[in-house]
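Asks: Protein chains in written order, with my numbering: chain A, 6 to 515; chain B, 124 to 432. Even glycine gets a Cβ: it sits at the ideal position worked out from N, Cα and C. Note that the coordinates shown come from a computational prediction; the quantities given were computed from them, not determined experimentally. I'd like to ask you about the structure that follows.
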Amino acid sequence: MTVLPPPTIELRNISKQFGTVRALDAVSARFQSGRVHALLGENGAGKSTLVKCLLGYYRADAGETIVDGRRVAISHPAEAHALGLGMVYQHFTLVPQMTVAENFVLGRGKIPLVVKWKDEQDQLRSFMAGMPFRLDPQRKVSTLAAGEKQKLEILKQLYLGRRFLVLDEPTSVLTPAEADEVLGEMRNLANASKLTVVLITHKFREVEQFAQDVTVLRGGKLAGSVDQKDASKETLATMMFGGGTAEKSRVAKPAAVADGVPYLKIHELIADGDRGTPVLNGVSIDVRPGEIVGVAGVSGNGQKELVEVLAGQRATTSGSILVDRQAFSGTRSEIKRAGVALISEEPLANSAVRTLSVMENLALRQFDEKPLSLAKFFLNRSRLAPFARDLIQRYKVRASSPFVRLDTLSGGNVQRVVLARELSRDVKLLIVQNPCFGLDASAATNIRQQIVDARDRGAAVLLVSEDLDEILEISDRILVLSEGTVSFETSRANAEVYEIGRHMAGAHAA
Amino acid sequence: MTEAGELGWWGVLFAIFAGAIRVSTPYLLVSLGETITEKSGRTNLGLEGTLVLGAMCAFATSVITGSPWLGVLAAGVAGASLGLLHALICNLPRVNDIAVGIALFLLGVGLAFYFGKPFIEPRATMLTGISLGFWSDHPAIRSGLEVNPLFFLGLLLAIFLQWSLINTKWGLYLRMAGESEDAARAVGRSVQSVRTYATVFGGFISGLGGASLSLFYPGNWNEGLSSGQGLMAIALVIFARWNPVRCFYASLLFGGASAIGPALQSVGINQGYYLINAAPYVFTLGLLIYSSSASYRLAGAPSELSLSR
Numbered sequence: 006m007t008v009l010p011p012p013t014i015e016l017r018n019i020s021k022q023f024g025t026v027r028a029l030d031a032v033s034a035r036f037q038s039g040r041v042h043a044l045l046g047e048n049g050a051g052k053s054t055l056v057k058c059l060l061g062y063y064r065a066d067a068g069e070t071i072v073d074g075r076r077v078a079i080s081h082p083a084e085a086h087a088l089g090l091g092m093v094y095q096h097f098t099l100v101p102q103m104t105v106a107e108n109f110v111l112g113r114g115k116i117p118l119v120v121k122w123k124d125e126q127d128q129l130r131s132f133m134a135g136m137p138f139r140l141d142p143q144r145k146v147s148t149l150a151a152g153e154k155q156k157l158e159i160l161k162q163l164y165l166g167r168r169f170l171v172l173d174e175p176t177s178v179l180t181p182a183e184a185d186e187v188l189g190e191m192r193n194l195a196n197a198s199k200l201t202v203v204l205i206t207h208k209f210r211e212v213e214q215f216a217q218d219v220t221v222l223r224g225g226k227l228a229g230s231v232d233q234k235d236a237s238k239e240t241l242a243t244m245m246f247g248g249g250t251a252e253k254s255r256v257a258k259p260a261a262v263a264d265g266v267p268y269l270k271i272h273e274l275i276a277d278g279d280r281g282t283p284v285l286n287g288v289s290i291d292v293r294p295g296e297i298v299g300v301a302g303v304s305g306n307g308q309k310e311l312v313e314v315l316a317g318q319r320a321t322t323s324g325s326i327l328v329d330r331q332a333f334s335g336t337r338s339e340i341k342r343a344g345v346a347l348i349s350e351e352p353l354a355n356s357a358v359r360t361l362s363v364m365e366n367l368a369l370r371q372f373d374e375k376p377l378s379l380a381k382f383f384l385n386r387s388r389l390a391p392f393a394r395d396l397i398q399r400y401k402v403r404a405s406s407p408f409v410r411l412d413t414l415s416g417g418n419v420q421r422v423v424l425a426r427e428l429s430r431d432v433k434l435l436i437v438q439n440p441c442f443g444l445d446a447s448a449a450t451n452i453r454q455q456i457v458d459a460r461d462r463g464a465a466v467l468l469v470s471e472d473l474d475e476i477l478e479i480s481d482r483i484l485v486l487s488e489g490t491v492s493f494e495t496s497r498a499n500a501e502v503y504e505i506g507r508h509m510a511g512a513h514a515a
Numbered sequence: 124m125t126e127a128g129e130l131g132w133w134g135v136l137f138a139i140f141a142g143a144i145r146v147s148t149p150y151l152l153v154s155l156g157e158t159i160t161e162k163s164g165r166t167n168l169g170l171e172g173t174l175v176l177g178a179m180c181a182f183a184t185s186v187i188t189g190s191p192w193l194g195v196l197a198a199g200v201a202g203a204s205l206g207l208l209h210a211l212i213c214n215l216p217r218v219n220d221i222a223v224g225i226a227l228f229l230l231g232v233g234l235a236f237y238f239g240k241p242f243i244e245p246r247a248t249m250l251t252g253i254s255l256g257f258w259s260d261h262p263a264i265r266s267g268l269e270v271n272p273l274f275f276l277g278l279l280l281a282i283f284l285q286w287s288l289i290n291t292k293w294g295l296y297l298r299m300a301g302e303s304e305d306a307a308r309a310v311g312r313s314v315q316s317v318r319t320y321a322t323v324f325g326g327f328i329s330g331l332g333g334a335s336l337s338l339f340y341p342g343n344w345n346e347g348l349s350s351g352q353g354l355m356a357i358a359l360v361i362f363a364r365w366n367p368v369r370c371f372y373a374s375l376l377f378g379g380a381s382a383i384g385p386a387l388q389s390v391g392i393n394q395g396y397y398l399i400n401a402a403p404y405v406f407t408l409g410l411l412i413y414s415s416s417a418s419y420r421l422a423g424a425p426s427e428l429s430l431s432r
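Laid out in C-alpha cells, this is it:
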C-alpha cells in the first residue's frame with residue numbers, strides 16, 4: 006500500500022444563502038495536508054455551514070473546492086466520502102441501541118447481504134490494535150460514556166479510511182481531560198501525516214493547544230486566517246468578535262453573605278430515569294439566599310432528572326426537598342407560595358409553548374390571577390397586552406409585537422421571554438438549567454447577567470449547566486454531579502478546572 | 124367441536140392446545156408484519172383492514188381459480204398494496220402514521236365488504252392441513268392436529284426474521300431506521316425508503332394472516348370473520364417487545380385464550396360462554412396494563428416510533 010499524504014483542501018469564495026439570511030459570503034480557506042486547522046467563530050458565524058458545503062450536505066451557491074490541486078464538485082456526502090473526507094458531528098450519530106461493531110459496519114458504504122459477525126469483530130480488533138483508542142466491539146453504544154462515544158465516532162471515520170476529518174465542536178460534551186486526550190491524539194495523527202484535521206470550535210484554549218492554523222469567521226464572512234503561533238488571544242478575539250471584544254459579562258462579585266438557613270434543601274434524593282433504573286443516587290444540595298450554586302457535570306449524569314424532580318415532573322423514590330423549610334413537590338400553589346422560578350433547558354420544548362404568542366407565553370404564570378384574570382375564569386384581554394409590552398421592554402426581547410408566535414423568535418429571545426416570565430414576580434428561588442445553550446456570546450452574557458441580578462436581589466439560585474465556563478463565571482459555590490451523586494464541592498475562589506474535570510469524569514476516568 | 128368430548132378434562136387441555144395452534148396463525152402473521160414495520164420506526168394501525176381485505180381476496184381468488192395457494196398470494200399482494208399506500212402517504216411531510224393507519228383500517232374493511240358481498244355464499248377450495256396426528260388412532264386427536272400450513276410458514280418466518288435482524292444488511296438498515304434517523308442520515312441512508320419497504324413487507328405478511336382465516340380456520344368468508352384480531356396482534360407486538368420469536372409465543376398464548384370458550388363448550392360447559400369468549404380481549408387489556416409504565420419507556424421499543432417518543 007503506498008502511503009500518500011492526507012489531502013490538502015482549498016475553498017475559494019464559497020457563498021451560501023438560506024432564505025433571506027446570507028450564511029456565507031465569499032469565504033475562502035486552505036486546509037493544509039497533515040495539519041490541525043482550527044475554524045473559529047461564534048455560534049452562527051457560518052463554521053458549520055462552510056464545512057457542510059465542503060462535505061456535500063449543502064450545495065454552495067457559489068465558489069469552488071480544490072482537493073489536492075484538482076477542482077472537484079461535491080454535491081452529495083457519498084462523493085465526499087469517496088474522496089476520503091469525513092465529519093464527526095456535534096451531536097452523536099451513533100445508534101445507541103446497537104453494539105460498537107454494528108455501528109462500525111453500518112457506517113460502511115457496502116455491507117454484504119449476510120454479515121459474518123465473527124470475521125467483522127476479528128477485523129475490528131486488529132484495526133483497533135493500531136489505533137490510539139480502543140473499544141470493545143460487543144458493547145452497546147448506550148453504555149458508553151460521552152468521551153467513549155466521541156472516540157467511537159472518530160474511530161469509525163478512520164476505519165472508513167477517511168484522511169480528512171472535520172470535528173464539529175468535539176469537546177462540547179467532554180471533560181477537559183477527555184478533550185485533551187482526544188484532541189492530542191488527533192494532533193499526533195496529523196503530525197504523523199496520516200490525517201488532515203479541521204477543528205470547529207469557539208474555545209481559545211483548544212486553538213492554542215492543538216491547532217497549527219486558524220481561520221476565523223464572523224457573521225458569515227472571513228475575518229482572518231493566521232498561523233497559530235503568530236496569533237495572540239487578543240488578535241483572535243478581535244477577529245472573532247469584531248472591533249471591540251465581546252461585551253464581557255460583568256462577572257458577578259461573589260455574594261456578600263451566603264450563610265444562614267438554606268432556602269432550598271435537597272436531602273438524599275433518589276429517583277429513577279426514563280428506563281426505570283436509578284439515575285439520582287442520593288443527591289444532597291443546599292442553596293442559601295443570595296448565592297448561586299453551580300452544578301457541573303457531563304451530560305447524562307442526572308442533571309436532567311434533578312431538574313425534572315424539582316419541577317414536579319418526575320417521581321422520587323426517596324429523599325426530601327424542602328423549600329423555605331416546607332416540603333416541596335412542584336405544585337402550582339407551592340411554587341407561588343415559595344416564590345420559585347424554574348427554567349429548564351431548551352425552553353421552546355420544555356418551558357414554553359411554541360405555537361402560542363409571546364404575550365400568551367409571558368402570561369402563563371399569572372393568567373389565572375388578578376389582574377390578568379376576571380373572576381378566576383375569564384382572561385382579561387385588555388390587561389394582557391400592556392403586561393406583555395412592559396416585560397418585552399424591560400427584558401429587551403426583540404419581537405415585532407406581543408402577538409407573534411413564540412417560535413418565530415431567535416433562541417436568545419425565546420430564552421429572554423422565559424426569563425422575563427419567571428423573573429417578573431418576586432423570586433426567592435431560581436432554578437436554571439443550561440440557560441445559554443446554543444446562544445451567541447452577547448445573548449449569553451445578557452442572560453447570565455439577569456441570573457446574577459436575581460441573586461443580587463436576594464434569590465437563592467441553583468444553576469445546572471454542562472458549560473463549565475459558565476459555571477465558573479457566575480457561581481459562588483460549585484458542585485459536581487457525577488453518576489447521580491454530588492461528588493465534589495468547592496468555592497469559586499478555590500475552583501480549579503482540572504480538579505473539577507477529574508470529578509466530572511468520575512468513574513469513567515481511565 | 125367434538126374432539127374433546129370423549130377425552131374428558133384432558134380433552135379440554137388438548138382442545139385449548141390444538142385451538143391455540145389453529146387460532147394463533149393470523150395473530151402470528153399480523154404481529155410479525157407489524158414488528159417489521161415498527162422496527163423501521165413507523166406504526167401501521169391499519170392491519171385489521173389488511174387482515175380483512177387479505178381474507179376476502181384469498182377467498183375470492185380461491186373461488187374463482189380453484190387454487191388456494193393463488194389465494195394466499197392474492198392476500199399477500201392485497202396486504203402489500205395497503206402497506207404501500209400507508210408508506211407513500213406517510214412519506215409526505217408532516218403526516219401522522221397513526222392517523223393514516225386508522226384511515227387505512229377503515230378503507231381495508233370497507234373494500235373487503237364491498238367486493239366480498241358476492242362471495243359470502245360460495246364454497247372455496249381450502250388449504251390442506253399438515254397432519255401431525257398420524258401417530259394416533261383417535262379421530263379427535265387426528266383432526267385437532269391437522270395444522271394450518273401457514274402456521275409453519277409463520278414459525279419459519281419468525282425464526283428467519285429474528286436471525287435476519289441481527290445478521291443481514293437489511294436487518295441492520297431496518298433497525299437503524301427505527302432507532303436513529305440522524306444516524307441513518309449521517310451514513311447517507313434514506314430512512315423513508317427503508318420504512319417504505321418495511322411497511323410493504325409487513326403488509327404482505329399480514330395479508331397472509333387473512334388467507335389463513337378464510338382458507339383454513341374458520342375457513343369461510345363473512346363480515347365478522349376477523350373480529351378485531353388484527354388490532355389485538357398490534358397489542359401483541361408490544362407484549363412481545365418487538366421480537367419475532369417472542370411474537371410466536373405470544374400468538375400461541377393469545378390463540379389459547381381464544382380457544383378456551385370452544386374447548387369448554389365441547390365438554391358441555393355452556394355457562395358464561397360469551398363471557399369466556401371475551402377472554403382474548405380481556406387478556407389483551409390485561410397485558411397492556413401489565414406491560415405499561417407511567418415512569419419509564421418500554422424496553423426494546425424502537426426509539427423513532429411515535430409511541431415511544
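So, Leu278 (chain B) versus Phe371 (chain B), is the Cβ gap smaller than 8 angstroms?
Replies: In the second sequence, counting from the first residue as 1, residue 278 (chain B) sits at position 155. In the second sequence, counting from the first residue as 1, residue 371 (chain B) sits at position 248. Yes, the pair counts as a contact, with Cβ atoms nearer than the cut-off.
Asks: Is Val432 (chain A) near Ile290 (chain A), with beta carbons less than 8 angstroms apart?
Replies: Stepping through the first sequence from its first residue, residue 432 (chain A) is reached at position 427. Stepping through the first sequence from its first residue, residue 290 (chain A) is reached at position 285. It is not a contact, given that the beta carbons lie outside the stated cut-off.
Asks: Determine, using beta carbons only, whether Asp305 (chain B) comes closer than 8 angstroms to chain A.
Replies: Along the second sequence, read from residue 1 onward, the residue named residue 305 (chain B) stands at position 182. Chain A, which has a Cβ nearer than 8 angstroms to the Cβ of Asp305 (chain B), makes this yes.
Asks: Would you say Gly324 (chain A) lies against chain B (beta-carbon separation less than 8 angstroms)?
Replies: Translated into the one-based positions of the first sequence, residue 324 (chain A) becomes position 319. Gly324 (chain A) does not count as touching chain B.
Asks: Is Glu252 (chain A) helix, strand or coil when you go by DSSP?
Replies: Within the first sequence, residue 252 (chain A) is the residue found at index 247, counting from 1. In this prediction, Glu252 (chain A) has a pLDDT of 41, which is less than 50 and means its spatial position is unreliable; what the coordinates show is noted afterwards. Coil at Glu252 (chain A), not helix or strand.
Asks: Any C-beta of chain B sitting closer than 8 angstroms to the C-beta of Leu118 (chain A)?
Replies: In the first sequence, residue 118 (chain A) corresponds to position 113, counting from 1. Yes, contact with chain B.
Asks: Quick check: is the beta carbon of Leu295 (chain B) nearer than 8 angstroms to any beta carbon in chain A?
Replies: In the second sequence, residue 295 (chain B) corresponds to position 172, counting from 1. True, the Cβ-Cβ gap to chain A drops below 8 angstroms.
Asks: Since I believe Ala446 (chain A) is in contact with Glu174 (chain A) (beta carbons under 8 angstroms), could you give me their beta-carbon distance rounded to a whole number of angstroms?
Replies: Residue 174 (chain A) sits at position 169 when you count from the first residue of the first sequence. Residue 446 (chain A) sits at position 441 when you count from the first residue of the first sequence. Not really, about 14 angstroms apart at Cβ, beyond 8 angstroms.
Asks: Please confirm if the region 304-317 of chain A is in contact with the region 271-281 of chain A, defined as three or more CB-CB distances below 8 angstroms between the two stretches.
Replies: The answer is yes - the region 271-281 of chain A touches the region 304-317 of chain A, with three or more Cβ pairs under 8 angstroms.
Asks: Is there a Cβ from chain B that is less than 8 angstroms from the Cβ of Gly249 (chain A)?
Replies: Position 244 of the first sequence, counted from the first residue, corresponds to residue 249 (chain A). Only weak support exists for where Gly249 (chain A) lies, its pLDDT of 43 falling under 50; the value from the coordinates is given anyway. Chain B, which has no Cβ nearer than 8 angstroms to the Cβ of Gly249 (chain A), makes this no.
Asks: Does any CB atom of chain B fall closer than 8 angstroms to the CB of Gln162 (chain A)?
Replies: Translated into the one-based positions of the first sequence, residue 162 (chain A) becomes position 157. Not closer than 8 angstroms to any Cβ of chain B, the Cβ of Gln162 (chain A) fails to qualify, so no.
Asks: From Asn393 (chain B) to Leu250 (chain B), what does the alpha carbon distance come to, in whole angstroms?
Replies: The residue labelled residue 393 (chain B) in the question sits at position 270 within the second sequence. The residue labelled residue 250 (chain B) in the question sits at position 127 within the second sequence. Distance between the alpha carbons of Asn393 (chain B) and Leu250 (chain B) is about 31 angstroms.
Asks: Please list, in chain order, all residues of the same chain as Gln143 (chain A) whose beta carbon is under 6 angstroms from its beta carbon, the five residues on each side excluded.
Replies: Locating residue 143 (chain A) in the first sequence gives position 138, counting from the first residue. Here the set comprises Thr104.
Asks: Could you have a look at Thr407 (chain B) and say whether DSSP puts it in helix, strand or coil?
Replies: Within the second sequence, numbered from 1, the residue matching residue 407 (chain B) stands at position 284. Thr407 (chain B): helix per DSSP, three-state reduction.
Asks: With 7 angstroms as the limit, tell me which residues of the region 268-299 of chain B have their beta carbon closer than that to any beta carbon of chain A; keep them in chain order.
Replies: Residues passing the 7 angstroms Cβ filter: Asn290, Thr291, Lys292, Leu295, Arg298, Met299.
Asks: Would you kindly check if the distance between the Cβ of Ser304 (chain A) and the Cβ of Val437 (chain A) is under 8 angstroms?
Replies: Working through the first sequence from its first residue, we reach residue 437 (chain A) at position 432. Working through the first sequence from its first residue, we reach residue 304 (chain A) at position 299. No, the pair does not count as a contact, with Cβ atoms beyond the cut-off.
Asks: To be precise: take each residue of the region 160-174 of chain B, compare its Cβ to all Cβ atoms of chain A, and keep it if any distance is under 7 angstroms. Which residues remain?
Replies: So the list is empty, because no residue satisfies the distance condition.
Asks: Strictly by DSSP, which residues pair up with Pro407 (chain A)?
Replies: Taking the first sequence and counting its residues from 1, one reaches residue 407 (chain A) at position 402. The partner list for Pro407 (chain A) (beta bridge, DSSP) is empty, contrary to what the question assumes.
Asks: Where does Gly379 (chain B) sit, in a helix, a strand or coil, going by DSSP?
Replies: In the second sequence, residue 379 (chain B) corresponds to position 256, counting from 1. DSSP places Gly379 (chain B) in helix when its eight states are reduced to three.
Asks: With respect to the alpha helix (DSSP H) encompassing Phe274 (chain B), which residues constitute its N-terminal and C-terminal limits?
Replies: Looking up residue 274 (chain B) in the second sequence gives position 151. Taken as a continuous stretch (DSSP letters only), the alpha helix (DSSP H) holding Phe274 (chain B) covers 272-290.
Asks: Using only CA atoms, which one of A:Ala65, A:Ala368, A:Lys381 lies nearest to Phe392 (chain A)?
Replies: Residue numbering aside, residue 392 (chain A) sits at position 387 when the first sequence is read from its first letter. The shortest Cα separation from Phe392 (chain A) among A:Ala65, A:Ala368, A:Lys381 belongs to A:Ala368.
Asks: Would you mind sorting Arg386 (chain A) into buried or exposed? The rule is 16 or more other CB atoms within 10 Å of its CB.
Replies: Translated into the one-based positions of the first sequence, residue 386 (chain A) becomes position 381. It is exposed - the Cβ of Arg386 (chain A) has fewer than 16 other Cβ atoms within 10 Å.
Asks: Got a sec, what are the start and stop residues for the alpha helix (DSSP H) Met364 (chain A) sits in?
Replies: Counting from one through the first sequence, the residue named residue 364 (chain A) turns up at place 359. Met364 (chain A) -> alpha helix (DSSP H) spans 363-367.
Asks: Could you compute how far the alpha carbon of Thr407 (chain B) sits from the alpha carbon of Leu99 (chain A)?
Replies: Numbered from 1 along the second sequence, position 284 holds the residue referred to as residue 407 (chain B). Numbered from 1 along the first sequence, position 94 holds the residue referred to as residue 99 (chain A). In a straight line, the C-alpha of Thr407 (chain B) is about 35 angstroms away from that of Leu99 (chain A).
Asks: With a threshold of 8 angstroms between beta carbons, is Arg94 (chain A) in contact with chain B?
Replies: In the first sequence, the residue the question calls residue 94 (chain A) occupies position 89. Reading the sequence as shown, one finds Tyr at residue 94 (chain A) and not Arg. Cβ-Cβ to chain B under 8 angstroms: yes for Tyr94 (chain A).
Asks: For chain A, check one thing: does any of its Cβ atoms lie closer than 8 angstroms to the Cβ of Glu302 (chain B)?
Replies: Along the second sequence, one-based indexing puts residue 302 (chain B) at 179. Yes - at least one Cβ of chain A is within 8 angstroms of the one on Glu302 (chain B).
Asks: Please report how far the alpha carbon of Asp220 (chain B) lies from the alpha carbon of Leu211 (chain B), in whole angstroms.
Replies: For the purposes of this step, residue 220 (chain B) is taken as residue 97 along the second sequence, with counting starting at 1. For the purposes of this step, residue 211 (chain B) is taken as residue 88 along the second sequence, with counting starting at 1. The straight-line gap from Cα to Cα measures roughly 11 angstroms.
Asks: Select from the region 238-258 of chain B all residues with a C-beta closer than 8 angstroms to any C-beta belonging to chain A, and list them in chain order.
Replies: Residues: none.
Asks: Please state whether the Cβ-Cβ distance between Arg497 (chain A) and Ser480 (chain A) is less than 8 angstroms.
Replies: Taking the first sequence and counting its residues from 1, the one referred to as residue 497 (chain A) is at position 492. Taking the first sequence and counting its residues from 1, the one referred to as residue 480 (chain A) is at position 475. Their beta carbons are under 8 angstroms apart, which means Arg497 (chain A) touches Ser480 (chain A) by this criterion.
Asks: So, are the CB atoms of Ser198 (chain A) and Pro10 (chain A) less than 8 angstroms apart?
Replies: Residue 198 (chain A) sits at position 193 when you count from the first residue of the first sequence. Residue 10 (chain A) sits at position 5 when you count from the first residue of the first sequence. A contact, by the Cβ cut-off of 8 angstroms.
Asks: Give the residues of chain B in contact with Pro82 (chain A), contact being defined as C-beta atoms less than 7 angstroms apart.
Replies: Numbered from 1 along the first sequence, position 77 holds the residue referred to as residue 82 (chain A). Residues of chain B passing the Cβ test: Gly311.
Asks: Determine the DSSP secondary structure at Glu494 (chain A), reduced to helix, strand or coil.
Replies: Reading the first sequence from its first residue, position 489 is the one you call residue 494 (chain A). The answer is strand: DSSP assigns Glu494 (chain A) an E or B state.
Asks: Going straight from the alpha carbon of Glu157 (chain B) to that of Pro283 (chain A), what length do you get?
Replies: Mapped onto the second sequence, residue 157 (chain B) falls at position 34. Mapped onto the first sequence, residue 283 (chain A) falls at position 278. Going by the C-alpha atoms only, they are around 32 angstroms apart.
Asks: Given Met124 (chain B), which residues of its chain have a CB within under 7 angstroms of its CB, disregarding the five upstream and five downstream residues?
Replies: Indexing the second sequence from 1 puts residue 124 (chain B) at position 1. Legend: pLDDT at Met124 (chain B) = 44, less than 50; position of this residue unreliable, value from coordinates given subsequently. Excluding sequence neighbours, Met124 (chain B) sits near Pro385, Gln388, Ser389.
Asks: Closest to Leu200 (chain A) by C-alpha separation, out of A:Gly224, A:Val171, A:Ala182, would be which residue?
Replies: In the first sequence, counting from the first residue as 1, residue 200 (chain A) sits at position 195. Answer by Cα proximity: A:Val171.
Asks: Let me see if you follow: with CB-CB separation under 8 angstroms, is Ser426 (chain B) close to chain A or not?
Replies: The residue given as residue 426 (chain B) occupies position 303 in the second sequence. By this cut-off, Ser426 (chain B) is an interface position.
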